[in-house]
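J.: Here it is, the structure in full.
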Amino acid sequence: MDYEVVIGLEVHAQMLTETKIFCGCSNKFGSAPNENTCPVCTGQPGSLPVLNKKSVEFAIKAGLATGCKIANKSVFARKNYFYPDLPKGYQISQYELPICINGKLSLKVNGVDREIGITRIHMEEDAGKLSHEGVDKNSSYVDYNRGGTPLIEIVSEPDMRSSDEAVEYLKQLRNILVYLEICDGNMEEGSFRCDANISLRRFGASKFGTKTELKNMNSFRNVQKAIEFEIKRQFEILEDGGSIKQETRLWNADKNITESMRSKEEAHDYRYFPDPDLLPLIVEESWVESLRRELPELPSDKGLRFKKSYNLADEDIDVLISSKKLADFYEETVKVSDDPQSASNWIRVELLALLNSEGKDINDCKVTPQHIGSLIKLINKGSISGKMGKSVFKEMYETLKFPENIVKSKGLVQISDESELKKIVKQIIDKSPNEVEQYKSGKSKLLGFFVGEVMKQTKGQANPQVVNQIIKDLIG
Ligand SMILES: [Zn+2]
């Protein structure tokens, strides 16, 4: 392909504040329709918005964690348009003067270091939600619970060059917001949503090509697929000598295609103007500094610490810090087991595979760090072998019984007693004169045969290291 892909992303993240951005209504997800509403968030004449300080705090934290400059003065504007889920007839959003500007995110994509610019982060309110599946099939219903939920919109520079980079950027950004505990990052419920601007240009061209905006992608997988589809679609049009129409397109996850939603000509003129009911937002430097001190350990810093404290490989670290919950789970397991490498192996290989096979993640995990930590201790003490450990792990995962109890009830104890094992090895040697002869004449591979026989007799409970040593002592 002679074309360079240019991608910029706009992310909307719902803030986990107790109350909405301009009123005292609860910001809880999942309440009965219109339970969390008042005159302000249903746009009644004469009602006045009052800015939620916590939502400002969260926006500043997002800015600080992404290297943004925090604006001393920012302004809320009215973005005017009509839609039934927007009772005021306008959305309050920061427009010309956003609260955060000029940040960046560092990524590693397929082994290459990349830096993606963040143009701005601004605050705004979410709209309500329409439902077309109520009792009356000929009516649409509206739920204003979501109306007035605090959002931040994070706008990137058009710095991404592939769908892989776009997905990695989103994963990192989401991870940062979750670490900050300002957003739950749930893409399916829409608390973390993304629109993508995509264009192609010939390599070496300085001007950007005409872009399309992609919407309606509610998982990382869909983001990847939608961008890939759109790149191919634009490429084919350009190769045919056609030109790209500037438009908004929706990702159709059932058909795996993007579909035109509206063209530039149909785009709204939002007639922005500063909201006369809200004063400019002035943020003192001292407040910003005190919030900076409150920032938790962010993923990149945690990765450095894991490397230093636990001496893990980069691949281990990348997985473990991919979620705060997983990183905390890991550290708890290390505390119990006192074995950082084994803790990483059991969590990464066994635990995540089991969760994954059920379509779950660490948030749904019932097994505790105490479970896994005790299992590692049993193996390290030599009470059970690593192989037995795997079957104990499975049972522990299913029943939530502690490994000590599983080992006891199944009689799964590793035999490490030398005199007992010696007896068994001697019997096998007596029964296999040919193999002994061959082994002695240099066919060292037969060691495996003897170990295998011992394992058969002991139902896999013999300690392999001890058995190896005994065989070598007796016939090696
Ligand atoms: Zn309200």
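Numbering (my numbering), first residue to last: 960 to 1435. Glycine included, each C-beta is placed from N, C-alpha and C at the ideal position. Computed from a predicted model, the values in this text were never measured in an experiment.
(1) Per DSSP, Ile-1241 forms a beta bridge with which residues?
(2) What is the DSSP secondary structure of Cys-1351, reduced to helix, strand or coil?
(3) In the DSSP assignment, find the unbroken alpha helix (DSSP H) run with Tyr-962 in it and report its ends.
(4) Does at least one heavy atom of ligand 1 sit under 7 Å from the Cβ of Gly-1107?
(5) Between the C-alpha atoms of Val-1372 and Glu-1354, what's the straight-line distance to the nearest angstrom?
(6) Have a look at Ile-1306 and Ser-1259 and give me their C-alpha separation to the nearest angstrom.
(7) Specify whether the region 1058-1067 and the region 1027-1044 touch according to this definition: at least 3 beta carbon pairs, one from each stretch, less than 8 Å apart.
(8) Helix, strand or coil, according to DSSP, for Leu-1380 in the structure here?
(9) In terms of residues, what are the limits of the alpha helix (DSSP H) holding Leu-1209?
(10) Taking Arg-1133 as the reference, give the member of Ile-1280, Glu-1187, Pro-1392, Gln-1420 with the closest Cα.
(11) Any idea what DSSP makes of Asn-1175, helix, strand or coil?
(12) Flag Cys-982 as yes when its Cβ comes closer than 7 Å to any non-hydrogen atom of ligand 1, and as no otherwise.
(13) So what's Asp-1273 in DSSP terms, helix, strand or just coil?
(14) Assign Leu-1380 to buried or exposed, taking buried as 16 or more other Cβ atoms, counted over all protein chains shown, within 10 Å of its Cβ.
(15) Give the straight-line distance between the Cα atoms of Leu-1238 and Gln-1205, rounded to the nearest whole angstrom.
(16) Taking Thr-976 as the reference, which of Ser-985, Phe-1232, Val-970 has the closest Cα?
(17) What whole-angstrom Cβ distance do Ile-1186 and Ile-1157 have, given they're in contact under 8 Å?
(18) Assuming the contact rule is C-beta atoms closer than 8 Å, Ile-1335 and Asp-1298 should be a hit. Round their C-beta distance to whole Å, please.
(19) So, at 6 Å on beta carbons, what are the nonlocal neighbours of Asn-1177 in its own chain, with the 5 sequence-adjacent residues on each side left out?
(20) I'd like to confirm something about Thr-996: is its beta-carbon nearer than 7 Å to some heavy atom of ligand 1, or not?
(21) With hydrogens ignored, establish whether the beta-carbon of Lys-1088 is closer than 7 Å to any heavy atom of ligand 1.
(22) Pull up the distance between the alpha-carbon of Glu-1016 and that of Pro-1255, whole angstroms please.
(23) Is the CB-CB distance between Val-1034 and Thr-1078 below 8 Å?
(24) Which of helix, strand or coil does DSSP assign to Thr-1327?
(25) Among the candidates Ser-1344, Ser-1303, Lys-1399, Ser-1391, whose CA atom is the shortest distance from the CA of Ser-1375?
(26) Who are the Cβ neighbours of Ala-1286 in its own chain at under 7 Å, not counting the five residues just before and after it?
(27) For Ala-1086, does the count of other Cβ atoms within 10 angstroms reach 16, so buried, or fall short, so exposed?
(28) With respect to 7 Å, is the separation between the Cβ of Val-1009 and the closest non-hydrogen atom of ligand 1 below this value?
(29) Between the region 1160-1167 and the region 960-968, are three or more C-beta pairs nearer than 8 Å?
T.: Straight from the coordinates:
(1) Lys-1032
(2) The question names Cys, but residue 1351 in the sequence shown is Val. Here Val-1351 sits in helix by DSSP.
(3) Taken as a continuous stretch (DSSP letters only), Tyr-962 belongs to no alpha helix (DSSP H), being part of the beta strand (DSSP E) at 962-973.
(4) yes
(5) 16 Å
(6) 20 Å
(7) yes
(8) helix
(9) Taken as a continuous stretch (DSSP letters only), Leu-1209 belongs to no alpha helix (DSSP H), being part of the beta strand (DSSP E) at 1206-1211.
(10) Ile-1280
(11) strand
(12) yes
(13) helix
(14) buried
(15) 36 Å
(16) Ser-985
(17) 6 Å
(18) 5 Å
(19) Met-1146, Glu-1147
(20) yes
(21) no
(22) 14 Å
(23) no
(24) coil
(25) Ser-1344
(26) Lys-1261, Leu-1279, Ile-1280
(27) buried
(28) no
(29) yes
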